[in-house]
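The block underneath contains the structure these notes are about, expressed in structure tokens.
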Amino acid sequence: MNSTSLLVFDGLLLVSIVSLAWAALASIDARRSVILFMAFGLVLALAWARLRAPDVALAEAAIGAGLSGALLLAALHDHDRTAAGVGSSSTQNQTSAGLTTVIRWSVTLLCAALAVGLGWALVHVFDHPANDALARAVAENLDLSGVSNPVTAVLLNFRAYDTLLELAVLLTAVLGIFALGPARAGYQPAGLIFDGLTRWLVPVLILTAAYLLWVGAHAPGGAFQAGATLAAAGVVLRLAGRHQIGLPAARTLHIVLAAGVGMFLLVGFALLATGRAFLGYPPAWAGSLILLIETAAMLAIAATLVSAFVGGQPESVTIDNEE
Amino acid sequence: MLTTQLLYALSGCVIVALGLRSALLHSSLLQRVLAINVMGSGVFMILLAVAYRGAEVAPDPVPHALVLTGIVVAVSATALALALARRLAAEQDDD
Amino acid sequence: MINALSSLLILAGLFFYIAGSIGLLRLPDLYSRLHALTKADNLGLGLLTAGMALQMPNLMTALKLVIIWLAILVASATSAHLIARHARRRESRS
Amino acid sequence: MTDVLIILVSLPLAGALLCLLLPRAATVVALITAVITALASGSLLYAVSTQGTLLYELGGWTAGLGIALRADGLSALLLVMVALVILATSFYASAYFSKSAARAHFWPLWLLLWTALNALLLSGDLFNLYVTLELLGLSAVALASLGGKIAAVQAALRYLLVGLLGSMLFLAGVSLIYAGYGSLDLAVLSRTVEPEPIAWLALSLMTAGLLLKTALFPLHFWLPPAHASAPAPVSAALSALVVKAAFYLVLRLWMDVFADVVTPAAADLLAALGATAVLWGSWRALRAQRLKVLAAYSTVAQLGYLFLFFPLLQALPPGPALDAATGGLIMLALSHGFAKAGLFLAIGVIQQRSGNDSIAELDGTAQRLPVTTFAIALAGVALIGLPPSGAFLGKWQLIAGSFATGQWLWIVVTVIGSLLAAAYTFRILGHAFGSQLYPSRAFAVAREEWPALILTATAAVVLGLAGASVWTLLEAGA
Chain E
14 MNSTSLLVFD GLLLVSIVSL AWAALASIDA RRSVILFMAF GLVLALAWAR LRAPDVALAE
74 AAIGAGLSGA LLLAALHDHD RTAAGVGSSS TQNQTSAGLT TVIRWSVTLL CAALAVGLGW
134 ALVHVFDHPA NDALARAVAE NLDLSGVSNP VTAVLLNFRA YDTLLELAVL LTAVLGIFAL
194 GPARAGYQPA GLIFDGLTRW LVPVLILTAA YLLWVGAHAP GGAFQAGATL AAAGVVLRLA
254 GRHQIGLPAA RTLHIVLAAG VGMFLLVGFA LLATGRAFLG YPPAWAGSLI LLIETAAMLA
314 IAATLVSAFV GGQPESVTID NEE
Chain R
126 MLTTQLLYAL SGCVIVALGL RSALLHSSLL QRVLAINVMG SGVFMILLAV AYRGAEVAPD
186 PVPHALVLTG IVVAVSATAL ALALARRLAA EQDDD
Chain S
22 MINALSSLLI LAGLFFYIAG SIGLLRLPDL YSRLHALTKA DNLGLGLLTA GMALQMPNLM
82 TALKLVIIWL AILVASATSA HLIARHARRR ESRS
Chain A
33 MTDVLIILVS LPLAGALLCL LLPRAATVVA LITAVITALA SGSLLYAVST QGTLLYELGG
93 WTAGLGIALR ADGLSALLLV MVALVILATS FYASAYFSKS AARAHFWPLW LLLWTALNAL
153 LLSGDLFNLY VTLELLGLSA VALASLGGKI AAVQAALRYL LVGLLGSMLF LAGVSLIYAG
213 YGSLDLAVLS RTVEPEPIAW LALSLMTAGL LLKTALFPLH FWLPPAHASA PAPVSAALSA
273 LVVKAAFYLV LRLWMDVFAD VVTPAAADLL AALGATAVLW GSWRALRAQR LKVLAAYSTV
333 AQLGYLFLFF PLLQALPPGP ALDAATGGLI MLALSHGFAK AGLFLAIGVI QQRSGNDSIA
393 ELDGTAQRLP VTTFAIALAG VALIGLPPSG AFLGKWQLIA GSFATGQWLW IVVTVIGSLL
453 AAAYTFRILG HAFGSQLYPS RAFAVAREEW PALILTATAA VVLGLAGASV WTLLEAGA
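Chains as they are written, first to last, in our numbering: chain E, 14 to 336; chain R, 126 to 220; chain S, 22 to 115; chain A, 33 to 510.
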């Protein structure tokens, strides 16, 4: 692939990405912008693969396009049923037409100036060779990290603290959703053909999730991509009209939701007790500890994303506090 | 190699500007949630362009981990925003 | 020889993609557009996958491509069915 | 013993999980976690005062590769303030939520908010700060929407969107820094950052994002509705702690990491915005009809004071004058934290006892709720900056610093701001001491009223008298 044809490919890809982004944001009809946004996510996954980031491409396709799209489409589903709809949340202030065009132009100019500034600063940065200090440090310490895939090593070992807080962010989001009220009404049971697809697709998705989790140690994959695939299986079951979708009852659902952060803390405290640094896995045990944490994280991520799609506690289940 | 890295970084800047413009201008909630997600994708493109070291050389894994974390954080924020919107729509229906 | 065959297959696949897209733009009602899209794109994808499979380093990766094609085949057939059923129901109701 | 640094983050997180798994015992578990974490913060403060800045490398990796937690005098003091405010507010919340169904939802989110605050104050890594900012934003929004009414949900939604926009701008700045300098660790960056276009642009992006989260004057529109409609303990945490954590980040970036990138003009711009915030916030507080709206606008004003310090810190050469001014800034931040939290808790008591918090219907409150009215008065003392309070020492240093650097405008603004603060405080007290025709008997609910009293007393008296220790701690931690 000589460089010119590669350049043409990049040009086409980037033009389609930017135009998809523009179309998604500029279209008035909510349904159109959501569909265009999902297309934008998928083409973006292609761009990440082009930039030699397969882990990120998997996550972008599964979470960025797939699950975000499912959440947005579910929001549209409510939008059609409720009169108020997801339309304008802030009150329409009756500024005169002249003023809105002035605001519109000044914001556009501001953003254009930001783009030019960012571009100019980045051109300035790319003049001198890239600073590889961190990349070299990761490469040198890779064999100590217990996994051979550098991205998983950074996520689960060198910067494991980031991933711990990120799982806490997921937990906060789902607790916020539960606090907001009961779940959405379920979908009506699936017809013959969709039921056939579900009966075949869901086991394959679960198998793929397990494979992604296992392969994450030495090839692109890992807890996030596996969790998203498992969540996709839950979403398909939910769309097929099965209300319980394999989500356990309230108490065990909370345990699964808290599993990711919980396992991280257990390992961290255990290592602290044995005098090592928090999340400083002993090199001999690192691989298995990472797999243990990733399994719990996968389950937590899948349960969180499906609960977000369901929109609350599954109906048959409510928190049993005695009020 | 430099042109690929620069090409992706510059289009990342354009996407960030697009997202910011739409987030500031549009008042409908769905468009603002999409705008913030698009802006995030723009920043991720800049990060991955910075990590790119050419077709043969392995890229820098640290920005990849950052972008992975960013994607998961973005989807959890989107989920909470849509849940709030649903509750708001339900409340406005009752009265 | 392999390269010639796979580029031929890929070009044929592209042709069907373009046909499907033109069908989407030109055909009048939902059902015929659905028909054109599902058929043309799936065939196009089959040819594309076959062309790509020839380029793959080993049999396993080629098989993975074929699995991807089968999954998309089933998924697009089901979604086409669902869209058509939904449209049919809405027509009978209105 | 630097393990205390990670204990301060992982303990509230573990407490949040326990509260989630044991909904019926959530209150007891949360209070126990609160006490232990407060003790841990105290021991951290002691450790910093004896050993100076503490460093904890997570996972045992060197700071560049892994993430480092850092605690110097500034973050240790703010950590202790956060711990004490949350401890007192937790006792109040245990009474406030005892009857409502939201109890099982409140405690896990409350401890997650605390985790985010501690993680942000201790983190020494730029991308980790982005993740803590998101955790802080999401938990604050989830808590603010617990109010359940339309106003609460709508305000929480706008707060979330503004917060996400702020975090995205911050992330853009972080990516520029990584592109330019190839590192994310604050210590490494403070050595390698030079005044060049990439640094200016990254700093302005990050600052824009953080100013959105600190609600500095032009970007404060989301704060009053969000803080006024949230439940009382939540608005106490939002006003006293959450906006202050974002301010701490601006201070850390401007004065520590990007110290030589910051230009006097930029510092003056921040101070100008701060000055307008002081005047505009105090004026709107004076005209507010509801107590909570008054307290929310007072937060906008008080944060304005903190930004007035920037040109002073930038202009003063390193030496006793600079340390005095930094100490004044911290003292003002601490005293506002305690006073505002206490004020919101007192307002919560009034709202629960009399059904609403409109200022016009406050007559007789002094007779019915003497302890709460006394707490509001003490909070007023700290907000105005009268002598025994920590705010007095802070404003004194602000005025002294302005004299030293010859920047007169800030003195005028401080004086007018204090007068306006006095006006809106006495407006509340005037109504509260209005005599009611049939004075009902005074009744005191210890668990609800004492937390507010202790917090405002700390701000108004303890901080003022024990002020010197703050300065010694800052030098020790520097």
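From the three backbone atoms N, C-alpha and C, an ideal C-beta is built for every residue, glycine too.
None of the values given here were measured: they were computed from a predicted structure.
* Evaluate the contact criterion for the region 372-381 of chain A versus the region 423-442 of chain A: three or more CB pairs, one atom per stretch, below 8 Å. => no
* Assuming A/T59 and A/W146 make a contact with CB atoms under 8 Å, what is their CB distance in whole Å? -> About 15 Å; that fails the 8 Å criterion.
* **Contacts around A/F129, its chain only, beta-carbon distance under 7 Å, and the 5 residues preceding and following it disregarded** => R135, F138
* Kindly indicate which three-state DSSP category E/A253 falls into: helix, strand or coil? => coil
* Supposed close pair E/A203, E/G247 - CB separation, criterion 8 Å -> E/A203 to E/G247, Cβ: 15 Å. No contact.
* **Assigned exposure category for E/H90 - 16 Cβ within 10 Å defines buried** => A residue is called buried once 16 or more other Cβ atoms fall within 10 Å of its Cβ, and E/H90, having fewer, is exposed.
* Could you list which residues in chain R have their beta carbon closer than 9 Å to that of A/F249, in chain order? => Within chain R, no residue comes near A/F249; the closest Cβ sits about 18 Å away, beyond 9 Å.
* Since E/P163 meets chain R, which of its residues come closer than 7 Å, beta carbon to beta carbon? -> Under the 7 Å cutoff, chain R gives P186.
* Measure from the alpha carbon of E/G159 to the alpha carbon of each residue in E/G324, E/A316, E/S16, E/S301, then state which is nearest. => Answer by Cα proximity: E/S301.
* Asked: In three-state DSSP terms, what is S/D50?
  -> Residue state, collapsed to three classes: coil.
* What do you get for R/H105, buried or exposed, if any count of 16 or more other CB atoms within 10 angstroms of its CB means buried? -> Residue 105 of chain R lies beyond the residue range present for chain R, which begins at 126 and ends at 220; the question has no answer from this structure.
* Outcome for S/K85 when other beta-carbon atoms lying within 10 angstroms are tallied against a minimum of 16 -> exposed
* Asked: Is A/L106 near the ligand COA, judged by its Cβ being under 6 Å from some heavy atom?
  -> Summarising the ligand content, the structure contains no ligands, and the ligand COA is consequently not present.
* For A/F524, collect the residues of the same chain with a Cβ closer than 7 Å to its Cβ; drop the 5 residues on either side in sequence, then sort them by chain order. => The requested residue 524 of chain A is not part of the displayed model; chain A covers only 33 to 510.
* Asked: Cβ of A/V36 less than 7 Å from any chain E Cβ?
  -> no
* Asked: Going by DSSP, what residues sit across from A/Y88 in a beta bridge?
  -> A/L101
* Does R/L172 get closer than 7 Å to chain E when you measure Cβ to Cβ? -> no
* Spatial neighbours of S/L51 within its chain, please: CB distance less than 7 Å, with the 5 preceding and 5 following residues excluded, ordered by chain position. => A108
* In chain order, which continuous runs of the alpha helix (DSSP H) of length 4 or greater are located wholly inside the region 442-472 of chain A? -> none
* Cutoff 7 Å: S/T59 Cβ touching any chain E Cβ -> no
* Asked: Just by C-beta distance, which residues in the region 126-154 of chain A are closer than 9 Å to chain E?
  -> Taking 9 Å as the Cβ-Cβ cut-off against chain E, the residues of the region 126-154 of chain A that qualify are K131, S132, A133, A134, R135, A136, H137, F138, P140, L141, L144, L145, T147, A148, A151.
* Asked: Under 7 Å between the Cβ atoms of A/S177 and A/A184?
  -> yes
* Asked: Sorted by chain position, which residues of the same chain lie with C-beta nearer than 7 Å to R/Q156's C-beta, five sequence neighbours on each side aside?
  -> Same-chain partners within the cutoff: S147.
* **Inter-residue CB distance, E/L10 and E/A313 (contact presumed, cutoff 8 Å)** => With chain E covering 14 to 336 only, the question about residue 10 of chain E has no answer from this structure.
* Asked: What's the call for E/S32, buried or exposed, on a 16-neighbour Cβ count within 10 Å?
  -> exposed
* For A/D157, three-class secondary structure by DSSP -> strand
* **Whole-number beta carbon distance between E/M311 and E/A222, since they are thought to touch under 8 Å** => 7 Å
* Asked: If the cut is a Cβ gap below 8 Å, which residues of chain E does A/V173 touch?
  -> G189
* Asked: So, does the CB of R/A202 fall closer than 7 Å to a CB anywhere in chain A?
  -> By this cut-off, R/A202 is an interface position.
* **Interface residues of the region 134-147 of chain R facing chain E [CB-CB below 9 Å]** => Of all residues in the region 134-147 of chain R, A134, L135, S136, G137, C138, V139, I140, V141, A142, L143, G144, L145, R146, S147 have a Cβ within less than 9 Å of some Cβ in chain E.
* Got a sec: is the Cβ-Cβ distance from A/A291 to anything in chain R below 7 Å? -> Taking a beta-carbon distance threshold of 7 Å, A/A291 does not count as an interface residue toward chain R.
* **Against chain A: residues of the region 184-218 of chain E by CB proximity under 8 Å** => L184, T185, A186, L188, G189, F191, A192, L193
* To do: Write down every uninterrupted run of the beta strand (DSSP E) in the region 357-430 of chain A whose length is 3 residues or greater and which is fully enclosed by it, in chain order.
  => Secondary structure within the region 357-430 of chain A: not one fully enclosed beta strand (DSSP E) run of 3 or more consecutive residues is present.
* Leaving out the 5 sequence neighbours to the left and right, which residues in its chain are closer than 8 Å to A/G92 when beta-carbon positions are compared? -> G98
* Measure the CB-CB distance between A/L119 and A/A70 and report whether it falls below 7 Å. => yes
* Asked: How close, in whole Å, do the beta carbons of A/L203 and A/Y162 come, if the pair is a contact with beta carbons under 8 Å?
  -> 5 Å
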